[in-house]
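Engineer: When the letters of the sequence shown are read in order and numbered with the working numbering, they come out as residues 198 to 327.
The beta-carbon is built from N, C-alpha and C at its ideal position, and this holds for glycine as well.
Right, I'll just put the structure down here and ask away after.
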Amino acid sequence: MSFKLFYDGCCPLCVAEMKKLSKHDHQHQIDFINIQLDSEMQKYPQVDPSHANRILHAITPQGDLITALDVTYQAWALVGKGWLFKPLTWRWVRFFADPVYLWFAKNRYSISAILTGKARCESCQIGRPD
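Next up, the structure:
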């Protein structure tokens, strides 16, 4: 079983992050699941799409459901870049990072509009490098 990462396929920033992650996933260890596609979400009844739309979700190869910054760290660790995100696992960093992440997740469309000029996309695709 692979690492199942649930992302918002209508968020340009989210899709950009998944594209970066997928470029480093040379072993194809991560399955990227667009929470905006009902056909995909039906395969994962343990993941509530409305909750996954508020906070990043993943299912580990062991079947555990993880959320938020734990997903970020685990995903990047799988592709050999965990050292960049390891500080997110430190208690004193998490004290500050968790509220910042929750604020970002809640406001991602507005932030995307400011940074990219596009708040939402209809069907962004992450693709996979050849």
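Should the stretch 254 to 262 be called in touch with the stretch 198 to 207, which here means at least 3 C-beta pairs below 8 Å?
Structural biologist: Yes, they touch.
Engineer: Quick one: using the 10 Å Cβ neighbour count with 16 as the cut-off for buried, is Leu281 buried or exposed?
Structural biologist: Exposed is the call here.
Engineer: Assuming contact is defined by CB atoms lying nearer than 9 Å, are His221 and Lys278 in contact in what I supplied?
Structural biologist: Yes. Within cutoff.
Engineer: Beta-carbon separation of Tyr298 and Ala265 under 9 Å?
Structural biologist: It is a contact, given that the beta carbons lie within the stated cut-off.
Engineer: Could you please give the first and the last residue of the uninterrupted beta strand (DSSP E) stretch that includes Asp228?
Structural biologist: Start and end: Ile227 to Asn231.
Engineer: Could you say if the stretch 208 to 220 and the stretch 309 to 321 meet the contact criterion of at least three C-beta pairs nearer than 8 Å?
Structural biologist: Yes: the two stretches touch, three or more of their Cβ pairs being nearer than 8 Å.
Engineer: For Glu254, report the span of its beta strand (DSSP E) as first-last.
Structural biologist: For the record, residue 254 in the displayed sequence is His; it is not Glu. Here the beta strand (DSSP E) through His254 covers His254 to Ile256.
Engineer: Taking only the alpha-carbon atoms, compute the straight-line gap between Gly206 and Arg288 and give it to the nearest angstrom.
Structural biologist: Cα-Cα distance, rounded: 30 Å.
Engineer: What residues are listed by DSSP as bridge partners for Phe200?
Structural biologist: DSSP lists Ile227 as partners of Phe200.
Engineer: Does the separation of the CB atoms of Asn250 and Ile227 fall below 9 Å?
Structural biologist: Not in contact: Asn250 and Ile227 (Cβ atoms no closer than 9 Å).
Engineer: Determine the DSSP secondary structure at Leu262, reduced to helix, strand or coil.
Structural biologist: In this structure, Leu262 counts as strand in the three-state DSSP scheme.
Engineer: Is it the case that the Cβ atoms of Ile252 and Tyr241 are separated by a distance below 9 Å?
Structural biologist: No, Cβ-Cβ distance for Ile252 and Tyr241 is not below 9 Å.
Engineer: Express the C-alpha separation of Lys217 and Ser346 in angstroms, rounding to a whole number.
Structural biologist: This structure cannot settle anything about residue 346, because the visible part of the chain is limited to 198 through 327.
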